[in-house]
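Quick note on my numbering: the sequence shown kicks off at 101 and runs consecutively.
Let me begin by presenting the structure, written as structure tokens, before commenting on it.
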Amino acid sequence: MRSLTCHPFIGSVAGVAALLPVLSGCASQQKEAAKQYNIVYIMTDDHTAQMMSCYDTRYVETPNLDRIANDGVRFVNSFVANSLSGPSRACMLTGKHSHANGFTDNTTCVFDGSQQTMPKLLQKAGYQTAIIGKWHLESLPTGFDYWEILPGQGDYYNPRFITMENDTIEKKGYLTNLITDMSIDWMENQRDKEKPFCLFIHHKAIHRNWLPELKYLSLYEDKTFPMPENFYDDYEGRPAAAAQEMSVWKDMDIMYDTKMYRKDKETPLKSTYESFIGRLDPEERKQYDAFYEPIIEEFYKKNPQGKELAEWKFQRYMRDYAKVVKTLDDNVGRVLDYLEEKGLMDNTLVVYTSDQGFYMGEHGWFDKRFMYEESMHTPLIMHLPKDFQTRGDIPQLVQNIDYAPTFLDLAGAPIPEDIQGVSLLPLLKGEKPADWRKSLYYHFYEYPAEHMVKRHYGVRTDRYKLIHFYNDIDEWELYDLKEDPTEMHNLFGKPGYEKITEELKQELVKLQKQYQDPIEEKLKEQKK
Numbered sequence: 101m102r103s104l105t106c107h108p109f110i111g112s113v114a115g116v117a118a119l120l121p122v123l124s125g126c127a128s129q130q131k132e133a134a135k136q137y138n139i140v141y142i143m144t145d146d147h148t149a150q151m152m153s154c155y156d157t158r159y160v161e162t163p164n165l166d167r168i169a170n171d172g173v174r175f176v177n178s179f180v181a182n183s184l185s186g187p188s189r190a191c192m193l194t195g196k197h198s199h200a201n202g203f204t205d206n207t208t209c210v211f212d213g214s215q216q217t218m219p220k221l222l223q224k225a226g227y228q229t230a231i232i233g234k235w236h237l238e239s240l241p242t243g244f245d246y247w248e249i250l251p252g253q254g255d256y257y258n259p260r261f262i263t264m265e266n267d268t269i270e271k272k273g274y275l276t277n278l279i280t281d282m283s284i285d286w287m288e289n290q291r292d293k294e295k296p297f298c299l300f301i302h303h304k305a306i307h308r309n310w311l312p313e314l315k316y317l318s319l320y321e322d323k324t325f326p327m328p329e330n331f332y333d334d335y336e337g338r339p340a341a342a343a344q345e346m347s348v349w350k351d352m353d354i355m356y357d358t359k360m361y362r363k364d365k366e367t368p369l370k371s372t373y374e375s376f377i378g379r380l381d382p383e384e385r386k387q388y389d390a391f392y393e394p395i396i397e398e399f400y401k402k403n404p405q406g407k408e409l410a411e412w413k414f415q416r417y418m419r420d421y422a423k424v425v426k427t428l429d430d431n432v433g434r435v436l437d438y439l440e441e442k443g444l445m446d447n448t449l450v451v452y453t454s455d456q457g458f459y460m461g462e463h464g465w466f467d468k469r470f471m472y473e474e475s476m477h478t479p480l481i482m483h484l485p486k487d488f489q490t491r492g493d494i495p496q497l498v499q500n501i502d503y504a505p506t507f508l509d510l511a512g513a514p515i516p517e518d519i520q521g522v523s524l525l526p527l528l529k530g531e532k533p534a535d536w537r538k539s540l541y542y543h544f545y546e547y548p549a550e551h552m553v554k555r556h557y558g559v560r561t562d563r564y565k566l567i568h569f570y571n572d573i574d575e576w577e578l579y580d581l582k583e584d585p586t587e588m589h590n591l592f593g594k595p596g597y598e599k600i601t602e603e604l605k606q607e608l609v610k611l612q613k614q615y616q617d618p619i620e621e622k623l624k625e626q627k628k
């Protein structure tokens with residue numbers, strides 16, 4: 101029997117009367133299908149899952165981030181395509197890998213704002229779009245009805261902003277608080293409340309050099325953070341890992357990173373640090389100095405060396421990082437409170453993520469860049485609109501190229517065929533697609549550059565990871581993530597791993613063809 105639901109023609113008055121409830125239901129379904137949810141996308145910089153208590157309870161408590169995870173979903177296998185600030189943002193905006201969107205690294209690239217982006221497509225779907233905070237893509241934003249961004253990395257104290265008039269203005273206060281103030285003001289006073297919106301709240305926090313809000317200077321000073329078991333990694337069998345310059349012990353600048361400032365001493369980043377704290381006004385500087393001066397005096401008096409110095413640096417790093425997280429968590433709470441007070445939560449997708457993960461002493465490191473777990477993995481938690489009943493952990497492999505198609509799908513907008521990510525909407529609806537991806541592709545380009553992490557690409561499955569370091573090196577690494585989750589034992593070339601190595605190489609080639617990354621052809625040409 102043909103269904104009468106939404107039937108285009110009915111031949112009698114009696115039939116019309118009889119089917120009015122059905123037609124009413126059709127109209128309701130169509131209205132529901134056309135519903136457009138708001139999107140609030142909060143992205144921090146270098147915030148690793150280890151420093152979020154909804155992922156890891158060893159280090160800090162993040163009650164407001166936990167509010168999102170506890171009432172929504174937590175992705176436990178969330179990754180980036182290129183663990184670096186600008187490239188990660190470009191992947192998010194375009195839904196494409198770095199080679200496809202043209203922004204491969206922070207040192208040579210300028211984002212092509214004329215290309216197709218998710219915010220532009222949302223505008224076409226009737227959304228208002230705004231971005232406030234860190235941009236870090238060199239060109240000015242396009243595809244946004246409103247924007248106010250930081251120049252470069254931005255400043256924690258009394259920061260500067262670039263406005264839509266291309267003026268640079270200075271604002272009084274601590275950056276994380278200011279970005280939240282501006283975001284709430286846009287939602288409350290500047291948008292058209294008859295239209296759906298997508299707001300990108302992009303924080304500088306928790307980026308190096310981890311300058312805390314002044315009221316939290318003393319926080320965590322009585323806490324001793326546990327050191328990772330592989331802090332003193334010797335990098336055996338991993339020459340690329342041994343060649344980096346991101347060691348807490350050897351590469352952290354004693355003034356810039358740990359704030360042990362002395363006018364009569366010099367370090368490579370001393371002048372940069374002076375410019376950062378020089379942004380404090382006289383009263384603020386007094387408060388800042390009053391906290392650090394006793395620590396500085398004790399440090400130079402004791403003059404720690406060797407492992408004692410390494411472990412002292414680690415504790416200062418962890419404390420400063422945790423203090424910056426505290427202010428960030430406070431401000432996530434402010435956004436959630438605003439949405440609740442204004443009755444917006446039921447119709448809004450709230451996303452919290454970072455542009456990548458970060459090392460909290462694992463392998464002896466800070467920073468990111470490598471395809472290893474701590475930096476390729478990124479936190480991803482979401483509060484879902486009322487119509488979505490899914491809660492808890494989502495285990496599927498997801499990547500930051502998936503955000504663009506997800507937002508478009510949620511908005512009811514078409515997803516262009518050239519977008520390389522896939523919509524997460526089925527997962528948010530509680531579905532378990534049988535054809536979900538089984539592997540992820542990664543490619544890091546920025547070398548030679550700061551921290552000297554070699555160029556590399558690779559493939560990650562649910563259990564294994566294969567990495568190829570190239571350019572001025574030709575080294576392969578293979579890890580069994582089930583047996584070796586901290587990636588200490590390179591199994592490439594070891595007896596017994598020939599089959600899985602060949603399978604992963606085939607998967608890697610498949611992904612490179614799927615995403616049209618020309619790197620293999622380039623390497624072949626270089627060898628001729």
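Cβ atoms here follow ideal geometry from the backbone N, Cα and C, with glycine treated the same way.
For clarity, every value in this text was computed on a predicted model and none was experimentally measured.
Take residue i and list the residues in its own chain whose beta-carbon comes closer than 8 Å to its own, dropping the five residues that flank it on each side.
i, result
"PHE297", "ASN138, ILE139, TYR227, GLN228, THR229, ALA230, MET287 and ARG291"
"TYR597", "LEU578 and LEU591"
"GLU620", "VAL609 and GLN612"
Between residue i and residue j, what straight-line distance do the alpha-carbon atoms span, to the nearest angstrom?
i, j, result
"GLU441", "THR157", "29 Å"
"LYS532", "GLY378", "53 Å"
"PHE391", "THR358", "13 Å"
"ALA200", "ASP617", "8 Å"
"GLU625", "ARG555", "17 Å"
"GLY384", "TYR274", "Note on identity: in this sequence residue 384 is Glu, with Gly being the wrong assignment. Approximately 11 Å between the Cα atoms of the pair."
"LEU222", "TYR246", "14 Å"
"LYS407", "ALA149", "27 Å"
"MET327", "LEU369", "26 Å"
"TRP576", "TYR542", "14 Å"
"ALA342", "TYR557", "17 Å"
"VAL609", "ASP255", "42 Å"
"THR194", "LYS401", "52 Å"
"THR367", "ASP353", "7 Å"
"MET588", "PHE261", "43 Å"
"ARG434", "LYS293", "20 Å"
"LEU319", "PHE414", "16 Å"
"LEU314", "ASP509", "42 Å"
"THR561", "GLU583", "14 Å"
"GLY337", "GLY233", "41 Å"
"LYS426", "ASP351", "26 Å"
"LEU524", "PRO505", "8 Å"
"PHE376", "TYR257", "7 Å"
"PRO251", "GLU270", "11 Å"
"ASP446", "VAL176", "24 Å"
"GLU397", "ASP420", "18 Å"
"ASN266", "HIS236", "15 Å"
"PHE488", "GLY512", "15 Å"
"LYS565", "LYS365", "44 Å"
Run through the DSSP bridge pairs and tell me what residue i is partnered with.
i, result
"GLY558", "TYR542 and ILE567"
"MET482", "VAL173 and VAL451"
"GLU531", "DSSP output for GLU531 lists no bridge partner at all."
"ILE262", "ILE249 and THR268"
"PHE179", "HIS477 and GLN499"
"ASP578", "Inspection of the sequence shows that residue 578 is occupied by Leu rather than by Asp. Beta-bridge pairing links LEU578 to LEU566."
"VAL140", "LEU299 and VAL450"
"THR490", "In DSSP, THR490 forms no bridge with anything."
"TRP465", "SER347"
"ALA230", "TYR246 and LEU299"
CB-CB under 6 Å to residue i, same chain, minus the five flanking residues each way: which ones, in chain order?
i, result
"ASP205", "TYR545 and GLU546"
"ALA305", "THR144, THR276, VAL424 and LEU428"
"SER178", "THR478, LEU480 and VAL498"
"TYR361", "MET355"
"LYS220", "GLY243"
"GLU474", "GLY457, TYR459 and GLU462"
"CYS209", "PHE203"
For residue i, which residues of its own chain have a beta-carbon under 7 Å away from its beta-carbon, when the five flanking residues on both sides are left out?
i, result
"PRO187", "SER198, PHE203, THR204 and ASP205"
"GLY464", "PHE331, TYR332, ASP333, SER347, VAL348 and TRP349"
"ALA410", "VAL348 and TRP349"
"SER153", "VAL160, GLU161, THR162 and ASP166"
"GLN520", "GLY195, LYS196, HIS197, ALA200, ILE501 and TYR615"
"PHE325", "TYR159, GLN415 and MET418"
"TRP412", "PRO404"
Original post:
Between the stretch 327 to 346 and the stretch 551 to 559, do at least 3 Cβ pairs fall closer than 8 Å?
Top reply: The stretch 327 to 346, when compared against the stretch 551 to 559, does touch it at the 8 Å Cβ threshold.
Counting Cβ pairs, one atom from each stretch, are 3 or more of them under 8 Å apart for the stretch 300 to 313 and the stretch 273 to 282? Result yes; three or more Cβ-Cβ pairs closer than 8 Å.
Can you confirm whether the stretch 206 to 218 touches the stretch 237 to 251 when touching is taken to mean that 3 or more C-beta pairs between the two stretches lie within less than 8 Å?
Contact between the stretch 237 to 251 and the stretch 206 to 218 is present, with at least three C-beta pairs closer than 8 Å.
**OP:** Kindly confirm or deny that the stretch 167 to 183 and the stretch 486 to 503 touch, where touching means at least three C-beta pairs closer than 8 Å.
**Re:** The stretch 167 to 183 and the stretch 486 to 503 touch, with no fewer than 3 CB-CB distances between them shorter than 8 Å.
4 or more residues per run - each alpha helix (DSSP H) lying fully within the stretch 417 to 445:
Taking 4 residues as the shortest admissible run, the stretch 417 to 445 contains no complete alpha helix (DSSP H) segment at all.
* Kindly provide the ranges of any beta strand (DSSP E) runs that are 3 or more residues long and lie completely inside the stretch 291 to 355, ordered along the chain. => Within the stretch 291 to 355, the complete beta strand (DSSP E) runs of at least 3 residues are 297 to 302.
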